[in-house]
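Participant: If you read the protein sequences in the order shown, they are chains S and G.
Take the first sequence: its letters are residues 1 to 330, numbered as in my numbering.
Take the second sequence: its letters are residues 1001 to 1337, numbered as in my numbering.
Note that beta-carbon positions come from the ideal geometry of N, C-alpha and C, so glycine has one too.
Dumping the structure here so I can ask a few things about it.
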Amino acid sequence: MKATRTWEIILVLLLIAVVCGFGATTEGFLDFYNLSDSTFNYSEKALIALPMALVIIAGEIDISVAATVALTSVAMGLAKNAGAGPALIILVGLGSGALCGALNGILITRFSLPSIVVTIGTLSLYRGAALVILGDGAITGYPQVLSTLGNGYIGDLIGMPTLQIPIEFAIFVIAAVIFGVVLHKTVWGRRIYAIGANPIASRFSGIPVNRYRLVLFIVIGLMAGLASVLLTGRIGSTRPNIAMGWELDAITMVILGGVSINGGSGSLLGVVLAIFVLGMFTFGLQMENVPGIVMSMILGGLMIISMIVPILIQRARRNRLPKAAAAAGV
Amino acid sequence: MKNFFVRNREAALAVIVVAMALIVGLRAPVFLTTGNLLDVLNDSSILAILVMGQMVVLLTKGIDLSVASNLALTGMFCAVVGKAFPGLNAVELVLIALAFGALLGALNGVLITAFDLPPIVVTLGTMSAYRGAIFVLSKGAWMNDQDIHLSIKALPRVNFLGLPGLVWYAIITLLICWWFFRYRRTGREMYAMGGNLSAAAYIGIPIKRRLMQVYAMSGALAGLAGLLWVGRYSIAFTELAAGYELTVIAACVIGGVSTAGGIGTVMGALLGVLFAGVINGALPVIHISPFWQQAISGTVILVAVIVNARSERRAGKQILPPKGSRTQSAPMQGAQP
């Protein structure tokens, strides 16, 4: 428990360093409207990172999320082409996301397969299905409601134009609160930790482990569907290659947030802090015209360093302790 | 008993591969011509080399997601070195590729062993890092046909006994790996580590050194594959082979290499590669849109893992059958790696 808190303090310091660093060197970084608009770049990924944190804490992983986003977007496109209204399109988006997640969950629980292998398979399947349906084409012409959802601001919605907070970001904040409460304040949340720490012991203590797993995968599929609704609305089109590589971004957010990839530990506060650190860091680099590929290189390095640092700190402490004890003893 | 079953499973897979080839041949006789089958082999060769590297990692319960980035970075490095030093010969270039790839793999190994980090996260990180490094190394420029060293281009194309060089390198790699995994103590120890890591440590296997070797080996093979890839397609650029790591892992899984460690054979992995090769070679021949390729390989992976799981299902894991039912309850999944 203590280690997690240390990690969150490190993340806060990192966040301050990023804000001060770019604030001092990059003109226009510390502008409210710029920072507010920068959330467009990571709100959708962050919406996937939240359930991903729960899934990883439960000792599983879902690599198929980005492919789910793509397939969901295709489903919405087909619904639109069939003449569905905005509400139905959104429902199709959320529903097909949940269905993709449910297929993962059923395969994993029913056949007791490792989630990484199943989701590598469904990654190919979902992305492949999107490719088969769309080919090299695209679907455009989504209704205005979706575009507003993806591009609009809360202020415009409630008639306060100065409140320039993107709707996407507001949805993310609400979702983060919900996930935080579920994970940290409910029995369900405690059980997710228990499953991640020791699934067999959890089963013996009466937790329906597989049912939890299934629900977690449906939830992450549903959230991928939500991210897809927002993304499709924001860019106004569906292509088979949308959200390519997002699974890695979402996992990076979770790991940087201090969640152990082995399951059983981590906090949602850490994940949210990591989302902001990564989001602002990326935004700052963008303003410095760093190419995207270099940015992902830096983020990859950052993820590894973020795992090494706490281990080094721990080791340094452990080395210091015996010496201090010896000194006290003499 | 298990050994017998594993062998049976490979026979079944071999039958499926041959049956698939024959069925495609019935629809389109051109598929079964020597020239086309050679093409399929040629296309599968680089995958076979990569699969050997991935297999050794999977045996130890690890995973190496950085192979495709390693491949592309080493390929680009060799292309750049070849351009700067036109005097190098083919052997020197192969050694450079192996060494550079092994170095990248060893970096994974250091991170995994020195800090006890999970391989999946480390290689996820280095996957992005190596990919970005290609951009930094090349400054975003492409190395085109005229920039690439003649020996690199000649490597996959040399013809020996009627087979292209690429196929020979794959055969040599497979034979060395087969010998290594079957007859070398080091190779057997890698199986032991995947079977039961604690037991392996207790009987005195130097876990960390072996893990370093495993990741260096995976890296070296990825490096070799990178050199051959660049030679075969005469091009090197940042996005080269992006996402190919999933194809490699898929071929391993189809071939019966377990991601839970300790299970897998060179023969099985080779069959997994041929399976993928036949499907990829068959689609254009029987006029199925290449867009289907990914969806089909996804389905195949899922079917393969379900079949594997059925055959690997172990006793002793099932607990608490549901009330009022005499059938088996869904068995518990063991602790995640």
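#1: Closer than 9 Å by beta-carbon distance: list the chain G residues that pair up with residue 129 of chain S, in chain order.
#2: Is it a yes or a no for the segment 1028-1048 of chain G touching the segment 1197-1209 of chain G, going by three-plus beta-carbon pairs under 8 Å?
#3: Let me know the secondary structure DSSP gives residue 140 of chain S once reduced to three states.
#4: Answer with buried or exposed for residue 33 of chain S, where buried requires no fewer than 16 other C-beta atoms within 10 angstroms of its C-beta.
#5: Quick check: the segment 1215-1227 of chain G against the segment 1093-1111 of chain G, are there 3 or more CB pairs under 8 Å?
#6: According to DSSP, which residues form a beta bridge with residue 1143 of chain G?
#7: I'd like to know if the segment 256-275 of chain S and the segment 238-248 of chain S are in contact, where contact means that at least 3 CB-CB pairs between them fall below 8 Å.
#8: With a threshold of 8 Å on Cβ separation, who are the neighbours of residue 313 of chain S within its own chain once the five nearest residues in sequence on each side are excluded?
#9: Check whether chain S comes within 9 Å of residue 1124 of chain G, counting only Cβ atoms and requiring the distance to be less than that.
#10: Would you grab the beta carbon distance between residue 175 of chain S and residue 13 of chain S for me? Rounded to a whole angstrom, and I think it's under 8 Å.
#11: Check whether the segment 126-140 of chain S and the segment 1294-1305 of chain G are in contact - that is, three or more C-beta pairs closer than 8 Å.
#12: Please list, in chain order, all residues of the same chain as residue 1174 of chain G whose beta carbon is under 7 Å from its beta carbon, the five residues on each side excluded.
#13: Tell me which same chain residues have a C-beta within less than 7 Å of the C-beta of residue 1190 of chain G, skipping the five on either side of it?
#14: What separation, rounded to the nearest whole angstrom, lies between the Cα atoms of residue 1250 of chain G and residue 1012 of chain G?
#15: Identify the residues that DSSP records as bridge partners of residue 1160 of chain G: which are they?
#16: Given that residue 1131 of chain G touches chain S, what residues does it touch there, using C-beta distances under 9 Å?
#17: Relative to the alpha-carbon of residue 1071 of chain G, which residue among G:1018, G:1008 and G:1227 has its alpha-carbon at the smallest distance?
#18: Looking at chain G, is there any beta carbon in it that lies within less than 9 Å of the beta carbon of residue 52 of chain S?
#19: Give the single residue among G:1119, G:1033, G:1261 and G:1153 whose Cα lies nearest to the Cα of residue 1197 of chain G.
#20: Using beta carbons (cut-off 9 Å, strictly below), is residue 118 of chain S in contact with chain G?
#21: Since residue 1117 of chain G meets chain S, which of its residues come closer than 7 Å, beta carbon to beta carbon?
#22: By Cβ distance, which residues of its chain are closer than 8 Å to residue 303 of chain S, with the 5 residues on each side in sequence left out?
#23: Suppose only complete runs of 4+ residues qualify. What are the alpha helix (DSSP H) ranges in the segment 204-266 of chain S, listed by chain order?
#24: Skipping 5 residues on each side, what residues in its chain have a beta carbon closer than 8 Å to that of residue 1159 of chain G?
#25: Enumerate in chain order the residues of its own chain whose CB-to-CB distance from residue 67 of chain S is below 6 Å, with the five nearest sequence positions on each side excluded.
#26: Tell me whether the beta-carbon of residue 1102 of chain G lies closer than 9 Å to the beta-carbon of residue 1223 of chain G.
#27: Between which two residues does the alpha helix (DSSP H) holding residue 59 of chain S run?
#28: Rounded to a whole number of angstroms, what is the C-alpha to C-alpha distance between residue 107 of chain S and residue 1095 of chain G?
#29: What's the C-alpha gap between residue 1303 of chain G and residue 1063 of chain G?
#30: Quick one: what's residue 166 of chain S bridged to in DSSP?
#31: Are the C-beta of residue 1291 of chain G and some C-beta of chain S separated by less than 9 Å?
#32: Here's the rule: buried if 16 or more other CB atoms are within 10 angstroms of the residue's CB, otherwise exposed. What is residue 20 of chain S?
#33: Would the beta-carbon of residue 272 of chain S fall within 9 Å of that of residue 180 of chain S?
#34: Measuring straight from C-alpha to C-alpha, what distance separates residue 1099 of chain G and residue 1220 of chain G?
Facilitator: With the given structure in hand:
#1: For the purposes of this step, residue 129 of chain S is identified with residue 129 of the first sequence, where counting begins at 1. Simply 1294, 1295 and 1298.
#2: no
#3: In the first sequence, residue 140 of chain S corresponds to position 140, counting from 1. Strand.
#4: Reading the first sequence from its first residue, position 33 is the one you call residue 33 of chain S. With fewer than 16 other Cβ atoms within 10 Å, it is exposed.
#5: yes
#6: Residue 1143 of chain G sits at position 143 when you count from the first residue of the second sequence. Paired residue(s): G:1236.
#7: no
#8: The residue given as residue 313 of chain S occupies position 313 in the first sequence. 6, listed in sequence order.
#9: As a working mapping, residue 1124 of chain G is identified with position 124 in the second sequence. Cβ-Cβ to chain S under 9 Å: yes for residue 1124 of chain G.
#10: For the purposes of this step, residue 175 of chain S is identified with residue 175 of the first sequence, where counting begins at 1. For the purposes of this step, residue 13 of chain S is identified with residue 13 of the first sequence, where counting begins at 1. Actually they do not touch by this definition, with Cβ atoms about 26 Å apart.
#11: yes
#12: Counting from one through the second sequence, the residue named residue 1174 of chain G turns up at place 174. Excluding positions up to five away in sequence, the list reads 1048, 1052, 1266 and 1270.
#13: To locate residue 1190 of chain G, count along the second sequence from 1; it is residue 190. For residue 1190 of chain G, where only same-chain residues beyond five positions count, the Cβ hits under 7 Å are 1056, 1059, 1060, 1210 and 1214.
#14: Numbered from 1 along the second sequence, position 250 holds the residue referred to as residue 1250 of chain G. Numbered from 1 along the second sequence, position 12 holds the residue referred to as residue 1012 of chain G. Roughly 18 Å separates the two Cα atoms.
#15: The count along the second sequence starts at 1 and reaches residue 1160 of chain G at position 160. DSSP lists G:1163 as partners of residue 1160 of chain G.
#16: Taking the first residue of the second sequence as 1, we reach residue 1131 of chain G at position 131. Near residue 1131 of chain G (Cβ distances below 9 Å), the residues of chain S are 293, 296, 297 and 300.
#17: Residue numbering aside, residue 1071 of chain G sits at position 71 when the second sequence is read from its first letter. It is G:1227.
#18: Taking the first sequence and counting its residues from 1, the one referred to as residue 52 of chain S is at position 52. Closer than 9 Å: no.
#19: For the purposes of this step, residue 1197 of chain G is identified with residue 197 of the second sequence, where counting begins at 1. If you compare the alpha carbons of G:1119, G:1033, G:1261 and G:1153 with that of residue 1197 of chain G, the shortest gap goes to G:1261.
#20: Translated into the one-based positions of the first sequence, residue 118 of chain S becomes position 118. At least one chain G Cβ lies under 9 Å of residue 118 of chain S.
#21: If you number the second sequence from 1, residue 1117 of chain G lands on position 117. Annotation: Cβ neighbours of residue 1117 of chain G in chain S (cutoff 7 Å, chain order): 307.
#22: Translated into positions along the first sequence, residue 303 of chain S becomes position 303. Answer for residue 303 of chain S: 252, 255 and 256, listed in chain order.
#23: 209-235 and 246-256
#24: If you number the second sequence from 1, residue 1159 of chain G lands on position 159. If we look at residue 1159 of chain G and ignore the five residues flanking it on each side, its Cβ neighbours are 1165.
#25: Here the question's residue 67 of chain S lines up with position 67 in the first sequence. Excluding residues within five positions, the ones whose Cβ falls inside 6 Å are 123, 126 and 127.
#26: Start at 1 with the first residue of the second sequence, and residue 1102 of chain G comes out as number 102. Start at 1 with the first residue of the second sequence, and residue 1223 of chain G comes out as number 223. Cβ atoms of residue 1102 of chain G and residue 1223 of chain G: closer than 9 Å.
#27: Taking the first sequence and counting its residues from 1, one reaches residue 59 of chain S at position 59. First-last for residue 59 of chain S: undefined, no H or E at that position.
#28: Within the first sequence, residue 107 of chain S is the residue found at index 107, counting from 1. Within the second sequence, residue 1095 of chain G is the residue found at index 95, counting from 1. Taking the straight line from one Cα to the other gives about 44 Å.
#29: Taking the first residue of the second sequence as 1, we reach residue 1303 of chain G at position 303. Taking the first residue of the second sequence as 1, we reach residue 1063 of chain G at position 63. Each residue's alpha carbon lies about 21 Å from the other.
#30: Taking the first sequence and counting its residues from 1, one reaches residue 166 of chain S at position 166. Residue 166 of chain S is bridged to S:153.
#31: Here residue 1291 of chain G corresponds to residue number 291 of the second sequence, with the count starting at 1. Judged by the 9 Å Cβ criterion, residue 1291 of chain G is in contact with chain S.
#32: For the purposes of this step, residue 20 of chain S is identified with residue 20 of the first sequence, where counting begins at 1. The residue in question, residue 20 of chain S, is exposed, as its Cβ has fewer than 16 Cβ neighbours within 10 Å.
#33: Counting from one through the first sequence, the residue named residue 272 of chain S turns up at place 272. Counting from one through the first sequence, the residue named residue 180 of chain S turns up at place 180. Yes, they are a contact pair.
#34: As a position in the second sequence, residue 1099 of chain G is number 99, starting the count at 1. As a position in the second sequence, residue 1220 of chain G is number 220, starting the count at 1. When rounded, the separation of the alpha-carbon atoms in residue 1099 of chain G and residue 1220 of chain G is 6 Å.
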